[in-house]
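So for the sequence shown, my numbering puts the first residue at 2; every next one is plus one.
Note that the Cβ used here is the ideal one computed from N, Cα and C, for glycine as well.
Structure first, commentary second.
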Amino acid sequence: MTQEEVFKNLTAHCKEYGFVFQSSEIYDGLSAVYDYGQMGVELKNNIKKYWWDAMTRLNENIVGIDSAIFMHPRIWEASGHVGAFNDPLIDNKDSKKRYRADVLLEEYLAKLEEKMNKEVEKGKRKFGESFNEEQFRATNPNILRTKTKYDEVHGRMVAALEANDLNALRQLIIDCEIACPISGTKNWTEVRQFNLMFSTQLGNISGEDGTIYLRPETAQGIFVNFLNVQKTGRMKIPFGIAQIGKAFRNEIVARQFIFRMREFEQMEMQFFVRPGEELEWFKKWKETRLAWHKTIGLGDEKYRFHDHDKLAHYANAATDIEFEFPFGFKELEGVHSRTDFDLGNHQKFSGRKIQYFDPEKNESYVPYVIETSIGLDRCFLAVLSSAYCEEALENGETRVVLRIPAPLAPVKVAVLPLVKKDGLPEKAREIMDDMKYLFNCQYDEKDSIGKRYRRQDAIGTPFCVTIDHDTLKDNCVTIRYRDTMEQERVPISSLHSIIDEKVSIRSLLAKLR
Ligand code: GAP
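See below:
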């Protein structure tokens, strides 16, 4: 099965088992907006807890806030979002479909890269053991020709984007003979800038411009509360403020399921440091965040850094932590050294002094900032896409199992009486009533035990506990492990410790020490 097919199956699975639903589905849906179902919300909450506790509990100098989505419109002028939070947009006149001009070009470049990789694969097959990829890439005429084209298009694209030259972007699309995937034609409109912020009206006071924006990032809520938190929390630099919340962007190219949405959730932390010490902290936070991801247990090889060559005007270092999604390595989190740009601009735009008095240096300054910014929905997708597995069993059957790391699994334990009579349901309820204070449990007595195991596999429940007739005599149950499908007879009194050790967020946090 191709990765594309697996991804399609995963999307269908998410709906079938209550993880993710298309928003407003009974009205034919709303594009790039999704709802989380009964299983999805549990997984999402577990990811949030892991992040929140890793930030605010493991670091005495990081505290959290929850700022409003609506903020004063001047904030978005100060942050640069009103002026520059744009995507270049182009329409195909025949299909009437709208595209991001830079994405059309990136896809073109990705095809050239794929072409070179295919050539390498051919070389590998041809030369076997003696194959030297570096030498092959440097000498093979087909690769060299494609590479020249790649460098030329890439160079022109970067130059056009940097210069904000929309005509040059359009010309490049035409020169590359990029066609609309729907109509197949190259009948393109001009390229226009499109601001990604959603706006709405606050109140209805006549004559007053009440335009406000839905926040496109949670970070600004942290910046504008810098003084509040620093003063009321008596925080000393270096310190951080963390926040989890919704953000909104009117994405032109919204696809790949919950990867790029118009309403999504971010988990952001701004770490305030002394000017001049920011690059040291940037390095530290890069490593700390990568360790957080790897501890989840999806496979260390699935992560990589992508350091930015081209920096935003306010940054002096930036990297993406990329994850290998079914559609390739893509950004999961950004770590940015944002200098004093945001606090400095809020100082300018608000007219308030936003500075920190450093008692050790006996001076006041605008702190520098390291930001860590992860998309919760992308983290959710990373977990689910790695966990999804269609497995052939020895008996010829197949099972779909979500190998979600146990601390993040929506349901931790399923409690299953073998039959619906002979006092087994009562005993099962007793066990469930005892465990439900500690773990998210699910009780199920319908259908054969095999079918019930499959249902639990499909939602990623790490443990099934089966109560049978012997349980009534020996107070033991059968515990079945999701990944190995092995079964073990254990005393009821040992269930807490067996399960707790594996499923607590604590166990993940302990690994970060
Ligand atoms: N405050 C910095 C900031 O917002 P960003 O790189 O634009 O930086 C941070 O976004 C993270 O938010 C990304 O790494 C990604 O995980 C997530 N994200 C951004 N746009 C998204 C979208 N349309 N849908 C889902 N997640 C998104």
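Can you look up Asp-217 in the DSSP assignment and give me helix, strand or coil?
Within the sequence shown, the letter at position 216 stands for residue 217. As written in the sequence, residue 217 is Pro, which differs from the Asp given in the question. Here Pro-217 sits in coil by DSSP.
Spell out the partners DSSP gives Val-420 in its beta bridges.
The sequence position of residue 420 within the sequence shown is 419, counting from 1. Val-420 is not bridged to any residue.
Looking at Asp-434 and ligand 1, is the gap between the Cβ and the nearest heavy atom below 8 Å?
Taking the sequence shown and counting its residues from 1, the one referred to as residue 434 is at position 433. No, the beta carbon of Asp-434 sits no closer than 8 Å to any heavy atom of ligand 1.
Please list the terminal residues of the continuous alpha helix (DSSP H) segment that includes Gly-335.
Indexing the sequence shown from 1 puts residue 335 at position 334. Gly-335 -> not in any alpha helix (DSSP H); beta strand (DSSP E) instead, spanning 329-338.
Note down the Cα distance separating Ile-322 from Asp-308, rounded to an integer number of angstroms.
Working through the sequence shown from its first residue, we reach residue 322 at position 321. Working through the sequence shown from its first residue, we reach residue 308 at position 307. When rounded, the distance between both Cα atoms is 9 Å.
Taking Val-384 as the reference, which of Thr-373, Arg-404, Ser-374 and Ser-365 has the closest Cα?
Taking the first residue of the sequence shown as 1, we reach residue 384 at position 383. Per the Cα distances, Arg-404.
Kindly indicate which three-state DSSP category Asp-88 falls into: helix, strand or coil?
Numbered from its first residue, the sequence shown carries residue 88 at position 87. Strand.
Can you determine whether any heavy atom of ligand 2 sits closer than 8 Å to the C-beta of Arg-75, and answer yes or no?
With respect to small molecules bound, the structure shown includes ligand 1 and not ligand 2.
Compute the distance between the beta-carbons of Phe-20 and His-14, then report whether it is under 9 Å.
Translated into positions along the sequence shown, residue 20 becomes position 19. Translated into positions along the sequence shown, residue 14 becomes position 13. Yes, the Cβ-Cβ distance between Phe-20 and His-14 is below 9 Å.
Is there contact between the stretch 82-98 and the stretch 182-198, where contact requires at least three CB pairs shorter than 8 Å?
Segments in contact, yes.
Pair every Cβ in the stretch 348-367 with every Cβ in the stretch 296-305, then say whether three or more of these pairs are closer than 8 Å.
no
For Gly-280, collect the residues of the same chain with a Cβ closer than 8 Å to its Cβ; drop the 5 residues on either side in sequence, then sort them by chain order.
Within the sequence shown, the letter at position 279 stands for residue 280. Reading off the sequence, residue 280 comes out as Leu, not Gly. Within the same chain, Leu-280 has close Cβ partners Asn-317, Ala-318 and Ser-338.
Would DSSP call Leu-403 helix, strand or coil?
To locate residue 403, count along the sequence shown from 1; it is residue 402. Three-state DSSP puts Leu-403 in a strand.
Below 8 Å on the Cβ atoms is my guess for Phe-381 versus Lys-112; work out the distance and round it to an integer in Å.
As a working note, residue 381 is residue 380 in the sequence shown. As a working note, residue 112 is residue 111 in the sequence shown. Not a contact, Cβ separation roughly 29 Å.
Can you have a look at Gly-234 and say buried or exposed, based on whether 16 or more other CB atoms are within 10 angstroms of its CB?
The residue labelled residue 234 in the question sits at position 233 within the sequence shown. The residue is exposed, with fewer than 16 neighbouring Cβ atoms inside 10 Å.
Leaving out five residues on either side along the sequence, give the residues of the same chain with a beta carbon under 7 Å from the beta carbon of Phe-342.
Here residue 342 corresponds to residue number 341 of the sequence shown, with the count starting at 1. Correct list, in chain order: Tyr-315.
For the structure I just gave you, are there three or more beta carbon pairs, one from the stretch 162-179 and one from the stretch 26-44, closer than 8 Å?
no
Considering Cα atoms alone, identify which of Asp-501, Gln-39 and Ala-69 is closest to Gly-222.
In the sequence shown, the residue the question calls residue 222 occupies position 221. For Gly-222, the nearest C-alpha among the options comes from Ala-69.
By the DSSP assignment, the beta strand (DSSP E) with Gly-246 in it spans what residues?
Mapped onto the sequence shown, residue 246 falls at position 245. Note, Gly-246: beta strand (DSSP E), 240-249.
Is there at least one non-hydrogen atom of ligand 1 closer than 8 Å to the beta-carbon of Leu-385?
Within the sequence shown, the letter at position 384 stands for residue 385. No - ligand 1 has no heavy atom lying nearer than 8 Å to the Cβ of Leu-385.
Answer with buried or exposed for Phe-71, where buried requires no fewer than 16 other C-beta atoms within 10 angstroms of its C-beta.
As a position in the sequence shown, residue 71 is number 70, starting the count at 1. It counts as exposed.
I need the straight-line Cα distance from Ile-48 to Asp-54, nearest angstrom please.
As a first step, residue 48 is located in the sequence shown; it is residue number 47 there, counting from the start. As a first step, residue 54 is located in the sequence shown; it is residue number 53 there, counting from the start. Straight-line Cα distance between these residues: approximately 10 Å.
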